[in-house]
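Only one structure is covered here, and it is reproduced in the block below.
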Amino acid sequence: MRASPRAYLWALLAAIDGLGIVVLPEQSLATVLPGLLLSLVLPPLAIMDVGFGGVTVRAYERAALAFGLHVSLIICGGLLLHSLGLPLDRVRWVIMLVIETSLVCLIGWLTGGAGLDSSPRRVPHPTVRSVVLASLGIVIAAAAVLQARDGAERALSSNFSLLWILPGKSADVIRIGVRNLEPATTVYRVDVRVGESQLLASKELTLPSGNTWETDLQLPDGRAQDVPITATLVRADMPDTEYRRVQLWKAGP
Amino acid sequence: MGNVLENHSAQGMMERLAFYTIVVSTGLLVVSISYTGARIEAWWAVPLYWAGMTLMVFPLIFNLTANSLSRIEYLSIIVIITVGLYMIKIMHSPLFFTFPDELQHWRTASDILRTNELFNENSILTISPLFPGLEIAVLSIVATTGLSIFAAATLLLLLARVLLTVVLFAMYERASTSAQVAALATLVYMANPNYLYFGSQFAYETLAIPLAGVVLLAVMERHGRGSGDAGMVWVTAAIVTGTLAVVSTHHLSSYALTGFLLLVTVSVALDRMRRRAGAFTRPGSTLLLSLVASMAWLVYIGSLVVGYLAPNLFTGVTELLKLMSGELTNRELFRDFAGETPPLAERLLGFLSVGLLVSFAPVGVWMTWRRFGTQPLALAYVIGTMTYPASLGLRLVRRGAEISNRTSEFVFLALSFTIAVSLVYLCLKGSPSRRRRFAVATWVVAVLFGGVIIGWGHWARMPGPYRVIGDSRAIDSYSLAVTDFMLKYTREDGRERFIADRVYRLVLGSYGHLRNVFSLVDNPTRKALWDIWFAEDIDDRGVSLLQQAEIDFIVVDQRLGNDLPLSGVYVEQGEPDTFQHRTPIPWAALVKFDRVPGLSRIMDAGAVVVYDTSGLTDAR
Chain A
38 MRASPRAYLW ALLAAIDGLG IVVLPEQSLA TVLPGLLLSL VLPPLAIMDV GFGGVTVRAY
98 ERAALAFGLH VSLIICGGLL LHSLGLPLDR VRWVIMLVIE TSLVCLIGWL TGGAGLDSSP
158 RRVPHPTVRS VVLASLGIVI AAAAVLQARD GAERALSSNF SLLWILPGKS ADVIRIGVRN
218 LEPATTVYRV DVRVGESQLL ASKELTLPSG NTWETDLQLP DGRAQDVPIT ATLVRADMPD
278 TEYRRVQLWK AGP
Chain B
-11 MGNVLENHSA QGMMERLAFY TIVVSTGLLV VSISYTGARI EAWWAVPLYW AGMTLMVFPL
49 IFNLTANSLS RIEYLSIIVI ITVGLYMIKI MHSPLFFTFP DELQHWRTAS DILRTNELFN
109 ENSILTISPL FPGLEIAVLS IVATTGLSIF AAATLLLLLA RVLLTVVLFA MYERASTSAQ
169 VAALATLVYM ANPNYLYFGS QFAYETLAIP LAGVVLLAVM ERHGRGSGDA GMVWVTAAIV
229 TGTLAVVSTH HLSSYALTGF LLLVTVSVAL DRMRRRAGAF TRPGSTLLLS LVASMAWLVY
289 IGSLVVGYLA PNLFTGVTEL LKLMSGELTN RELFRDFAGE TPPLAERLLG FLSVGLLVSF
349 APVGVWMTWR RFGTQPLALA YVIGTMTYPA SLGLRLVRRG AEISNRTSEF VFLALSFTIA
409 VSLVYLCLKG SPSRRRRFAV ATWVVAVLFG GVIIGWGHWA RMPGPYRVIG DSRAIDSYSL
469 AVTDFMLKYT REDGRERFIA DRVYRLVLGS YGHLRNVFSL VDNPTRKALW DIWFAEDIDD
529 RGVSLLQQAE IDFIVVDQRL GNDLPLSGVY VEQGEPDTFQ HRTPIPWAAL VKFDRVPGLS
589 RIMDAGAVVV YDTSGLTDAR
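Those protein sequence lines, which keep their order, are chains A and B.
Mapping to my numbering: the first sequence position 123 is 160, numbers consecutive.
Mapping to my numbering: the second sequence position 191 is 179, numbers consecutive.
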């Protein structure tokens, strides 16, 4: 039996694809398709084409064995990279996947593509009606997922605000922040005290929903070493209620 | 559409399959709407969920009961069902991972991505980095595509689910030589209580079990080839790399693979003793490989597994023995740790599904023995089925229920075959009437839905408003806002240590990249920290313990005082009153840190407060 020309095609395609992934900017939309081809499609197709053929293996078994072998090779390859002290970064992954595909094709060439099943396939042609029905099914499934995502996003909407107090970049500076996660623009009043002394007196803030306000405050000399700095947040629509309260004890040098 | 369903040509089959795609998608849309209803606690959400599930699977299962379909149509139908059921899980949490195990494995994957190295520390599941197969496979996709871990894992696990279905179908078909038995057996496998949610999550067994199936399929295929056959190279490669991949991906799956290979080897030996030809002659070498590889991994890399699995197993068995001797009363089935039970109809369906399986299993064993007794693989299924009643017994005790759920993915590999044999050769032989087919389809749907009810708490099955320690139900806008805050304002990424309740431990230990102290300290310190957590006041000794344990942050969700923990623990297993909390944690225990001089209350989100310990030394 003779090795299929497709076997060499997989190796070539994997090499071109891998080169494209390395050249394209990392984490860009352009790498998604080539990345999926290299990580999930080309190596198992090469294994399927070159390795698991013959009369005893049915098409679906061949696909399952090929994909299973590919995933297993990836896992063993990752362990091998680690044991060789190589980092598991993008370039190494790409090289490994290209090598995997090429090795499969090389073994296929060396063994004469003995496992290759070159018998003609009897794949039924889809009718127009089946294509239309399947497309409709996919559209409905996509609508279901979008509906689920929309419901999940709406469930994450919040109606609270965050107030924080943190040590600043130097020992005599503190950082105060407010984040509005209420559904609408909110008016607040912020007070900051060191012990009984006011550091920031009734600062009024108007924050649109989702926005953050932060400021650094300078501490007076010699203060706040043994008393806490306290910040409170009051909402303008609930002026008599302390809405949030935080307190910072300054650590010594 | 009737003429499409009756058309037996290849084109007719394609149109039928396309039609089933619409049926499943419509069912998915109904389930999706039910999820949205559940988020606002609409009364119609639960009935709509089951209606959507029924619409999704019943017509396809009914069609599987026809014995005139081609192999490819049987297989295609169960693949469509597989994809549909996987989508049910995805739509539950379509934006990011929310199941506890998923967060634990996300942290492992994220650490590998950040450091480009394996075997990092994971303070929310210490053994996860020691079995990095799943994360390696996912990160190969992340690295080449630029997709997020969530997107890459969702895609890979979809393929893994389909792979499992195809492999099971192939194995069952080889044992029975019937595509219908294979399809129904694969379908009954989906009735295992862990299949729908737990078995679809981003966790190591979701990939390891399909890979174990590939190894078994390759072992069977190896028999069909002579030593001079070049195809043998590939089959052997699948066996060797597949076994190593399973061993490095999931501990229990590798032990189950070894156990199943042992079962098959014993069956082969028995078969040879009877001097009958078997279809499965050389599993011994793979058994040896699997045994040596899993033991070597256990000794040199995954030694923590013993401490991870043994206590659960020991406690489960001990509780069962105490139950049998009358020292312990059995747990109330279906009742969760907050004292709630699912609706009566769901409980009845849960009992019914177990009853149906228990009653058909002996018939299936007998029929399998009679029909396929000469097939070593079928014999292995017969022996495996006999473990099912034992796994049910464990459900009567608290810890045993968890073990029973976990082992169901393996026990059902055998049980589903014998059950399918009984269904096909008892109920569907000859030309079954539509009424009989309807009854069988109803039987299968009842078992399938019963598995869902048994396997996953009713409060976790659907999304919804916040519940105290409700795992996926407790990850809400508060936990995300606190995580966002911690990511922005903590000083050393991944090195700072915190204590918190179970949910914040998972969320901050994963998405927050912090280190959970409870997993990093020795047992006496851990117990002392639990005491501090639950105490209504904190004294000098407690404060000095916080310092000794090098805790940087304490995160307190004050909603913990509103209810009992749905997961049975406020912090983690082993805490006082684990699985036996009778009253919610007192309010005083939740606000006690406000009274400690030097302990800074650095962030207030209303329900959730973050404390920083860095001021403790000087203030005291």
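All residues carry an ideal CB built from backbone N, CA and C; glycine is no exception.
Note that the structure is predicted; figures quoted are calculated from it, not measured.
Chain-ordered chain A contacts of residue 14 (chain B) [CB-CB under 8 Å]: 177
Only counting the same chain, and skipping five residues up and downstream in sequence, which positions put a Cβ closer than 6 Å to that of residue 146 (chain B)? 74
Candidates B:398, B:361 and B:382: closest to residue 300 (chain B) by CA position: B:382
CB residue 514 (chain B) to CB residue 555 (chain B), shorter than 9 Å? no
Between the stretch 236 to 270 of chain A and chain B, which residues of the former have CB atoms less than 7 Å from a CB of the latter, in chain order? none
Relative to the C-alpha of residue 225 (chain A), which candidate in A:278, A:101 and A:125 has its C-alpha closest? A:278
7 Å Cβ cut-off: residues of chain A touching residue 133 (chain B): 68, 69, 72, 73 and 76
Which residue's Cα is closest to the Cα of residue 589 (chain B): B:540, B:569 and B:35? If we check each option's Cα against that of residue 589 (chain B), B:540 comes out closest.
Verify the CB distance criterion: does residue 136 (chain A) have a CB-CB separation below 9 Å to chain D? Of the chains in the structure shown, none is chain D; the protein chains are A and B.
Any contact of the stretch 159 to 178 of chain B with the stretch 135 to 150 of chain B, i.e. 3+ C-beta pairs under 8 Å? Result no; under three Cβ-Cβ pairs closer than 8 Å.
Just grab the DSSP bridge partners of residue 204 (chain A) for me. A:211
Might you give, ordered along the chain, the residues of its own chain that have their beta carbon closer than 7 Å to the beta carbon of residue 584 (chain B), omitting 5 neighbours on each side? 526 and 531
Residues near residue 43 (chain A) in its chain [Cβ-Cβ closer than 6 Å; skip 5 each side]: 86
C-alpha distance - residue 445 (chain B) paired with residue 173 (chain A), whole-angstrom precision: Using only the alpha carbons, I get a separation of about 34 Å.
Going by the beta-carbon positions, is the gap between residue 116 (chain A) and residue 106 (chain B) smaller than 9 Å? One thing to note: residue 116 (chain A) has its Cβ within 9 Å of the Cβ of residue 106 (chain B).
Can you pull the DSSP bridge partners for residue 285 (chain A)? A:266
Cutoff 7 Å; reference residue 281 (chain B); Cβ partners in own chain excluding five residues on either side: Apart from sequence neighbours up to five positions away, the residues of its chain that approach residue 281 (chain B) with a beta-carbon distance below 7 Å are 231, 232 and 235, ordered along the chain.
So which residues on chain B does residue 101 (chain A) lean against when the C-beta distance must stay under 7 Å? Those within 7 Å of residue 101 (chain A) in chain B are 151, 154, 155, 158, 202 and 205.
Quick check: residue 194 (chain B) and residue 459 (chain B), are their CB atoms within less than 9 Å of each other? no
DSSP three-state label for residue 335 (chain B), please. helix
Which one of A:194, A:48 and A:82 has the shortest CA to CA distance from residue 136 (chain A)? A:48
Out of B:94, B:103, B:108 and B:246, state which residue places its alpha-carbon closest to the alpha-carbon of residue 122 (chain B). B:94
Rounded to the nearest angstrom, what separates residue 203 (chain A) and residue 323 (chain B) at their Cα positions? 44 Å
Distance CB(residue 572 (chain B))-CB(residue 456 (chain B)) smaller than 9 Å: Cβ atoms of residue 572 (chain B) and residue 456 (chain B): closer than 9 Å.
Are the CB atoms of residue 91 (chain B) and residue 130 (chain B) within a distance shorter than 9 Å? no
Could you pull the start and end residues of the alpha helix (DSSP H) that residue 524 (chain B) belongs to? For residue 524 (chain B), no alpha helix (DSSP H) segment is defined, and its DSSP state is neither H nor E.
To the nearest angstrom, how far is the alpha carbon of residue 475 (chain B) from that of residue 465 (chain B)? 15 Å
Leaving out five residues before and five after residue 17 (chain B) in sequence, what residues of the same chain have Cβ atoms less than 8 Å from its Cβ? Cβ neighbours of residue 17 (chain B) beyond the five flanking positions: 40.
Proximity to residue 376 (chain B) [Cα-Cα], best of B:349, B:582 and B:566: Out of B:349, B:582 and B:566, B:349 has the C-alpha closest to the C-alpha of residue 376 (chain B).
Separation of residue 61 (chain A) from residue 78 (chain A), as counted between CA atoms: 19 Å
Is the number of C-beta pairs between the stretch 319 to 336 of chain B and the stretch 394 to 408 of chain B that are closer than 8 Å three or more? no
Secondary structure of residue 539 (chain B), DSSP reduced to three states: It is coil, neither helix nor strand.
Report all residues from its chain with a CB closer than 6 Å to the CB of residue 413 (chain B); omit the five preceding and five following residues, and keep chain order. 355
Are any of the Cβ atoms in chain A nearer than 9 Å to that of residue 283 (chain B)? It does not: the Cβ of residue 283 (chain B) has no partner Cβ on chain A nearer than 9 Å.
Between the Cα of residue 155 (chain B) and the Cα atoms of A:67, A:99, A:83 and A:64, which residue gives the shortest distance? A:99
Rounded separation between residue 500 (chain B) and residue 97 (chain B) - CA only: 14 Å
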